[in-house]
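Participant: Below is one structure. I have some questions about it.
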Amino acid sequence: MDIDFNSKIYVAGHRGMVGSAIVRDLRVKGYQNIITRTHAELDLTNQAAAQAFFELERPDQVYLAAARVGGIHANNTFPAEFIYQNLMMEANVIHQAFVSGVKKLLFLGSSCIYPKLAVQPMSENALLTGKLEPTNEPYAIAKIAGIKLCESYNRQYGLSHGIDYRSVMPTNLYGSGDNYHIENSHVIPALIRRFHDAKVNHLAEVSIWGTGTPKREFLYVDDMAAASIFVMDLDKIIYDQCTEPMQSHINVGFGSDITIAQLAAAVAQTIGFKGKIIFDLTKPDGAPRKQMDSSRLNRLGWAPKVDLTEGLQLAYADFLSNKAL
1 MDIDFNSKIY VAGHRGMVGS AIVRDLRVKG YQNIITRTHA ELDLTNQAAA QAFFELERPD
61 QVYLAAARVG GIHANNTFPA EFIYQNLMME ANVIHQAFVS GVKKLLFLGS SCIYPKLAVQ
121 PMSENALLTG KLEPTNEPYA IAKIAGIKLC ESYNRQYGLS HGIDYRSVMP TNLYGSGDNY
181 HIENSHVIPA LIRRFHDAKV NHLAEVSIWG TGTPKREFLY VDDMAAASIF VMDLDKIIYD
241 QCTEPMQSHI NVGFGSDITI AQLAAAVAQT IGFKGKIIFD LTKPDGAPRK QMDSSRLNRL
301 GWAPKVDLTE GLQLAYADFL SNKAL
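Residues in the sequence shown are numbered from 1 upward in steps of one, following full-length UniProt numbering.
Written out as structure tokens, the structure reads:
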């Protein structure tokens with residue numbers, strides 16, 4: 001398809017890890033007209049505020065990367081906030097995008113949309129085939145709703161209004177701009193923080209939640225940004241050929257997974273922690289395995305570039321440079 005580098009593009013959530021990576025990659029690729037708003041400038045859970053923003057700016061494209069996110073602890077502690085805030089942001093952005101005439105929108109979801117015991121690796125058709133992982137069910141429900149919002153607007157208004165709203169489902173992400181809070185972060189930034197603190201404080205051991213046996217897949221955030229723009233820019237005929245009207249999302253993964261124990265060892269090695277790693281069996285594991293089947297995206301011509309060893313080095317450098325101590 002022909003790409004217009006002067007398109008007016010709104011990146012919702014540009015200060016987040018994924019949103020900031022999308023902005024960086026868009027600029028590298030030559031897009032000039034990028035619109036952003038901080039949360040202080042625009043509360044996307046506020047319907048009137050979202051309406052006023054879209055009426056004023058009327059972007060051509062929207063990347064919906066804004067979300068309330070967190071790890072197991074945060075999801076368990078704030079389930080109401082996770083489902084409410086994410087539902088409101090998605091509903092307001094997608095609806096107001098449609099009302100203001102936005103033709104192209106990309107919604108970023110999460111691998112937690114799939115059932116806890118889904119066949120591995122998880123393909124797109126596993127959606128809604130079983131029970132979700134209880135620890136992050138509210139967040140997952142909100143992300144599923146975002147997919148269905150995009151699909152519903154396409155089904156009702158695609159032909160009449162020429163809209164094309166797409167969804168991508170990333171695996172576990174990490175990298176530049178991550179949240180390194182000791183309790184409310186995802187697994188890699190949490191491990192980076194714990195092992196770094198243990199190293200500088202000369203601790204003999206670091207405790208990890210759960211048994212260490214669950215397997216997870218990890219994708220560096222710059223690869224996710226590249227995949228997002230790749231999917232957004234795909235010709236509509238090609239996108240429609242590889243998806244279905246009521247199963248239109250595309251998985252974005254690295255292609256392989258590792259155990260949490262192996263990950264902890266890799267992070268410890270990256271940081272230079274020489275102590276003992278112990279596992280707190282009183283803490284939950286989450287789903288036993290979560291690997292994405294990204295063959296659909298791979299067949300379209302996209303593949304990740306950053307492996308875990310390089311990615312962890314980049315992530316630790318980011319942690320140190322931002323003095324997230």
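Ideal Cβ placement from N, Cα and C applies to all residues, glycine included.
Less than 8 Å between the beta carbons of P115 and T129, yes or no?
Facilitator: Closer than 8 Å, so yes.
Participant: Tell me the rounded alpha-carbon separation between V93 and A66.
Facilitator: Roughly 10 Å separates the two Cα atoms.
Participant: Find the nearest neighbour of Y157 within the set A48, P245 and R27, judged by alpha-carbon distance.
Facilitator: Selected option, being the one with the closest Cα: P245.
Participant: Answer yes if the region 257-266 comes into contact with the region 93-106, meaning at least three C-beta pairs across the two stretches below 8 Å, and no otherwise.
Facilitator: The region 93-106, when compared against the region 257-266, does not touch it at the 8 Å Cβ threshold.
Participant: CA-CA distance, M122 and M169?
Facilitator: For M122 and M169, the distance between alpha carbons rounds to 11 Å.
Participant: With a threshold of 7 Å on Cβ separation, who are the neighbours of Y316 within its own chain once the five nearest residues in sequence on each side are excluded?
Facilitator: Hits under 7 Å: I192, T270 and I271.
Participant: For the alpha helix (DSSP H) that D222 lies in, which residues bound it at each end?
Facilitator: That run of the alpha helix (DSSP H) goes V221 to D233.
Participant: Would you decide whether P288 is buried or exposed? Buried here means 16 or more other CB atoms lie within 10 Å of its CB.
Facilitator: With fewer than 16 Cβ atoms within 10 Å of its Cβ, P288 is classed as exposed.
Participant: Would K236 and D164 be called neighbours here (beta carbons separated by less than 8 Å)?
Facilitator: Closer than 8 Å, so yes.
Participant: I need the boundaries of the alpha helix (DSSP H) containing F53, first residue and last residue.
Facilitator: Here the alpha helix (DSSP H) through F53 covers Q47 to E57.
Participant: From A50, N46 and L42, pick the residue whose C-alpha is nearest to that of S100; which is it?
Facilitator: If we check each option's Cα against that of S100, A50 comes out closest.
Participant: Is the beta carbon of T38 closer than 8 Å to that of R24?
Facilitator: Contact flag unset, no.
Participant: Which residues in the same chain as L308 place their Cβ atom closer than 7 Å to its Cβ, once the five residues preceding and following it in sequence are excluded?
Facilitator: Cβ within range, chain order: F218 and A266.
Participant: Find out if the Cβ-Cβ distance for the pair T211, L117 is shorter than 8 Å.
Facilitator: Cβ distance not < 8 Å, so T211 and L117 don't count as in contact.
Participant: In this structure, how does DSSP classify E133 when only helix, strand and coil are distinguished?
Facilitator: In this structure, E133 counts as coil in the three-state DSSP scheme.
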